[in-house]
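2 protein chains.
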Amino acid sequence: MTLILALDFGGTKLAAAVVNSGSPEWLRYERRLSPVNANANTDLDIMRSLIDSLLQGEKPAAIGVSFGGPVDASTGTVRLSHHVAGWENIPLKQLLEDEFSVPVSVDNDANVAALGEYRFGAGAGHDSLFYITISTGVGGGWILNGQPWRGVGGMAGEIGHMVVDPAGPLCLCGKRGCVERLASGPYMAKNAREGLENQPHTGEILRGLVGNNLELITGKVVSEAAAQGDELALDVLAKSAWALGVGIGNVANLINPQLFILGGSVTKAGDNWWDVVQKVARETALPEIDFAVVPAALGDDAPLWGAVALAELGF
Amino acid sequence: MTLILALDFGGTKLAAAVVNSGSPEWLRYERRLSPVNANANTDLDIMRSLIDSLLQGEKPAAIGVSFGGPVDASTGTVRLSHHVAGWENIPLKQLLEDEFSVPVSVDNDANVAALGEYRFGAGAGHDSLFYITISTGVGGGWILNGQPWRGVGGMAGEIGHMVVDPAGPLCLCGKRGCVERLASGPYMAKNAREGLENQPHTGEILRGLVGNNLELITGKVVSEAAAQGDELALDVLAKSAWALGVGIGNVANLINPQLFILGGSVTKAGDNWWDVVQKVARETALPEIDFAVVPAALGDDAPLWGAVALAELGF
Numbered sequence: 005m006t007l008i009l010a011l012d013f014g015g016t017k018l019a020a021a022v023v024n025s026g027s028p029e030w031l032r033y034e035r036r037l038s039p040v041n042a043n044a045n046t047d048l049d050i051m052r053s054l055i056d057s058l059l060q061g062e063k064p065a066a067i068g069v070s071f072g073g074p075v076d077a078s079t080g081t082v083r084l085s086h087h088v089a090g091w092e093n094i095p096l097k098q099l100l101e102d103e104f105s106v107p108v109s110v111d112n113d114a115n116v117a118a119l120g121e122y123r124f125g126a127g128a129g130h131d132s133l134f135y136i137t138i139s140t141g142v143g144g145g146w147i148l149n150g151q152p153w154r155g156v157g158g159m160a161g162e163i164g165h166m167v168v169d170p171a172g173p174l175c176l177c178g179k180r181g182c183v184e185r186l187a188s189g190p191y192m193a194k195n196a197r198e199g200l201e202n203q204p205h206t207g208e209i210l211r212g213l214v215g216n217n218l219e220l221i222t223g224k225v226v227s228e229a230a231a232q233g234d235e236l237a238l239d240v241l242a243k244s245a246w247a248l249g250v251g252i253g254n255v256a257n258l259i260n261p262q263l264f265i266l267g268g269s270v271t272k273a274g275d276n277w278w279d280v281v282q283k284v285a286r287e288t289a290l291p292e293i294d295f296a297v298v299p300a301a302l303g304d305d306a307p308l309w310g311a312v313a314l315a316e317l318g319f
Numbered sequence: 005m006t007l008i009l010a011l012d013f014g015g016t017k018l019a020a021a022v023v024n025s026g027s028p029e030w031l032r033y034e035r036r037l038s039p040v041n042a043n044a045n046t047d048l049d050i051m052r053s054l055i056d057s058l059l060q061g062e063k064p065a066a067i068g069v070s071f072g073g074p075v076d077a078s079t080g081t082v083r084l085s086h087h088v089a090g091w092e093n094i095p096l097k098q099l100l101e102d103e104f105s106v107p108v109s110v111d112n113d114a115n116v117a118a119l120g121e122y123r124f125g126a127g128a129g130h131d132s133l134f135y136i137t138i139s140t141g142v143g144g145g146w147i148l149n150g151q152p153w154r155g156v157g158g159m160a161g162e163i164g165h166m167v168v169d170p171a172g173p174l175c176l177c178g179k180r181g182c183v184e185r186l187a188s189g190p191y192m193a194k195n196a197r198e199g200l201e202n203q204p205h206t207g208e209i210l211r212g213l214v215g216n217n218l219e220l221i222t223g224k225v226v227s228e229a230a231a232q233g234d235e236l237a238l239d240v241l242a243k244s245a246w247a248l249g250v251g252i253g254n255v256a257n258l259i260n261p262q263l264f265i266l267g268g269s270v271t272k273a274g275d276n277w278w279d280v281v282q283k284v285a286r287e288t289a290l291p292e293i294d295f296a297v298v299p300a301a302l303g304d305d306a307p308l309w310g311a312v313a314l315a316e317l318g319f
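Protein sequences appear in the order of chains A and B.
Under the working numbering, the first residue of the first sequence carries the number 5, and numbering increases by one thereafter.
Under the working numbering, the first residue of the second sequence carries the number 5, and numbering increases by one thereafter.
Written out as structure tokens, the structure reads:
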């Protein structure tokens with residue numbers, strides 16, 4: 005039996021698991037929230053304690069790591085974390101290899117989740133796919149011909165900053181109408197708040213759900229209001245789905261993968277959202293281009309399962 | 005010495021050449037315009053006569069073919085030509101292999117030109133690049149990790165039908181604001197004509213260049229008028245360059261190649277056009293993503309040189 009150790013540095017949570025290679029179930033699994041003042045050292049200390057508890061003195065054959073931020077996968081060095089201080093240029097692969105004396109592979113969470121879904125989830129049986137997470141942000145990871153495609157600088161997959169509406173609202177990146185600016189949870193919440201402020205007689209259901217405290221609106225609340233028929237929420241949700249659909253159609257035209265797998269909290273927004281995504285993606289792609297758009301299968305465990313695949317494949 | 009035969013079925017012209025593998029110069033080269041009522045059979049007959057004249061009784065080691073239209077590269081079967089009748093489902097690879105008893109490789113012109121620029125042109129020394137032709141249409145071809153990436157259905161590279169302005173003018177494909185709808189030569193001409201019709205007091209230089217016969221406006225005429233300072237022409241050209249720049253920046257975010265190579269008649273539009281393409285591409289890509297945008301080096305011979313590479317590499 006080959007023991008694999010999988011680690012997920014998630015930004016707000018830390019998770020780790022061990023599995024016997026080939027088994028569909030975790031042997032042991034541990035998970036902790038990052039403390040409020042987390043930094044790279046506290047994250048690493050917490051992860052060490054999880055690992056001790058998981059390994060119980062055994063030695064894994066390999067370690068795979070998913071990191072919630074940009075990583076140079078060729079060296080396994082973290083570039084930075086957008087959530088936790090002190091991760092700049094930490095040589096995570098080197099550090100873990102020195103500590104455990106086994107091969108370690110490290111990549112960012114979107115690439116790792118793509119690999120997880122490819123090997124163990126919704127992508128099984130497909131060689132070329134694009135995994136997209138739509139959550140706090142919008143990011144993606146490629147599998148082309150059964151291999152991760154990371155781009156020459158490790159930056160591929162940034163569908164979140166594809167411009168789909170140059171007349172759209174301003175994104176944090178400085179451009180207008182990026183997919184992320186329209187489709188992500190926090191930006192959906194912002195769009196809904198602005199709509200309610202500008203149109204005082206709309207969004208009754210949405211206002212009711214947060215007791216008129218617009219600061220409490222989240223992407224999830226927008227989805228709930230839409231499910232109850234709130235028109236403003238339906239509009240915001242449709243715009244999110246439209247932006248993602250255009251992005252997917254554009255990607256289909258450019259790369260022609262077999263499959264798009266969508267994961268992340270916003271994909272739980274309901275049938276309405278999915279219908280618009282599917283319809284707009286189909287309309288945006290050329291008629292000759294075939295593809296399917298399906299939900300992710302592994303949920304929150306996609307990075308951990310992807311880390312298993314990363315460790316097994318060693319790339 | 006290994007003799008390679010390269011063929012280019014270009015839609016309006018037919019070209020063929022032989023080269024000794026490794027040589028930077030054609031041994032012999034032939035070129036004919038397609039007749040007005042060309043069909044697949046007349047094209048094939050003309051090509052056979054060019055080949056006879058080129059080979060002079062010698063037998064090539066391999067044949068590479070560039071075809072101006074969609075091709076199933078895995079079987080070497082032409083799907084159709086948008087310019088010449090009768091090409092539907094012609095098994096071009098099979099046909100030439102039967103006739104010449106040597107290995108034949110066939111792919112569409114954008115993919116083949118990408119391979120040509122990669123091996124012999126502006127892409128030399130780069131492993132991952134996107135070649136874009138901006139001419140009558142806008143199309144592209146991928147080299148990823150030194151290999152053509154054709155997509156699972158052979159349809160990758162269609163940057164021409166990426167939507168960059170959903171409020172833009174209607175494209176032949178049915179969508180609004182595709183890159184091709186704004187950036188291609190014929191559509192630039194159309195945009196200029198419409199501008200002149202709607203604003204009778206603009207475009208004096210442009211009107212002068214065609215003696216007030218707006219039907220004579222082409223993409224090239226628009227470029228000439230812009231070079232002479234015509235404001236309407238400058239606007240049309242800037243919009244073309246803007247659309248292409250957004251497309252390039254979006255692709256950089258998605259795939260992160262090292263290099264974009266631009267070929268085709270519109271790339272001769274002048275420094276102004278190039279400056280806008282570069283600037284908008286840089287603004288659209290995330291700051292962390294590095295890439296260069298350079299002109300193609302092989303000109304009209306890119307498909308033939310690509311056909312040589314295709315024959316040599318056999319993929």
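Even glycine gets a Cβ: it sits at the ideal position worked out from N, Cα and C.
Spatial neighbours of residue i in its chain, beta-carbon cut-off 7 Å, leaving aside the 5 residues before and after
i, result
"B/Glu292", "none"
"B/Ser25", "Thr6, Ile8 and Glu316"
"A/Leu84", "Gly73, Pro74, Trp91 and Glu92"
"B/Pro299", "Ala126, Leu266 and Thr271"
"B/Arg197", "Leu218 and Ile221"
"A/Ile138", "Ala187, Ser188, Leu248, Leu266, Gly268, Val270 and Thr271"
"A/Ala160", "Trp146, Trp153 and Arg154"
"A/His87", "Gly15, Thr16 and Gly72"
"A/Ala231", "Gly274"
"B/Val156", "none"
Reduced DSSP category for residue i - H, G, I as helix; E, B as strand; rest coil
i, result
"A/Gln151", "strand"
"B/Lys194", "helix"
"B/Gly189", "helix"
"A/Ile55", "helix"
"A/Thr81", "strand"
"B/Ile174", "The sequence given here places Leu at residue 174 of chain B; Ile does not occur at that position. If DSSP states are grouped into helix, strand and coil, B/Leu174 belongs with the strands."
"B/Lys34", "Residue 34 of chain B is actually Glu in this sequence, not Lys. Correct three-state label for B/Glu34: strand."
"B/Gly157", "coil"
"B/Val142", "strand"
"B/Asp131", "coil"
"A/Val167", "strand"
Residues that DSSP places opposite residue i in a beta bridge
i, result
"B/Asn43", "B/Ala89"
"A/Ala10", "A/Ala21 and A/Gly68"
"B/Asn112", "B/Phe71"
"A/Thr137", "A/Gly143 and A/Gly267"
"B/Asp76", "B/Thr81"
Neighbour flag for residue i against chain A, beta carbons, 8 Å
i, result
"B/Lys179", "yes"
"B/Ile293", "yes"
"B/Glu162", "yes"
"B/Asn195", "no"
"B/Gly157", "yes"
Cβ shell of residue i (< 6 Å), same chain only, five flanking positions each side left out
i, result
"A/Met166", "Val183 and Gly251"
"A/Arg35", "Ala19"
"A/Lys283", "none"
"A/Val142", "Gly164, Val183, Glu184, Ala187 and Ser188"
"A/Ala44", "Gly90, Trp91 and Ile94"
"B/Cys177", "His165"
Short CB-CB distance (under 8 Å) between residue i and chain B
i, result
"A/Ala301", "no"
"A/Trp91", "no"
"A/Gly72", "no"
"A/Thr288", "yes"
"A/Asn112", "no"
"A/His86", "no"
"A/Pro170", "yes"
"A/Gly129", "no"
Interface flag, residue i vs chain E, CB-CB below 8 Å
i, result
"A/Pro261", "Note that chain E does not occur in the displayed structure, where the protein chains are A and B."
Close-in-space but distant-in-sequence residues of the same chain around residue i (CB under 8 Å, 5 per side omitted)
i, result
"B/Asn149", "Asp131 and Ser132"
"A/Gly181", "Val167, Val168, Asp169, Pro170, Ala171, Gly172, Pro173, Cys175 and Ala247"
"B/Leu210", "Ala196, Leu200, Ile221, Val225, Val226, Ala229, Asp234, Leu236 and Ala237"
Check: residue i C-beta below 7 Å from any heavy atom of the ligand NAD
i, result
"B/Ile252", "This structure lacks the ligand NAD; in fact it carries no ligand of any kind."
key: Any beta strand (DSSP E) of 3 or more consecutive residues that is wholly inside the stretch 197-244 of chain B   = none
message = Which complete alpha helix (DSSP H) runs does the stretch 250-319 of chain B hold, if anything under 4 residues is left out?
response = 275-288 and 306-317
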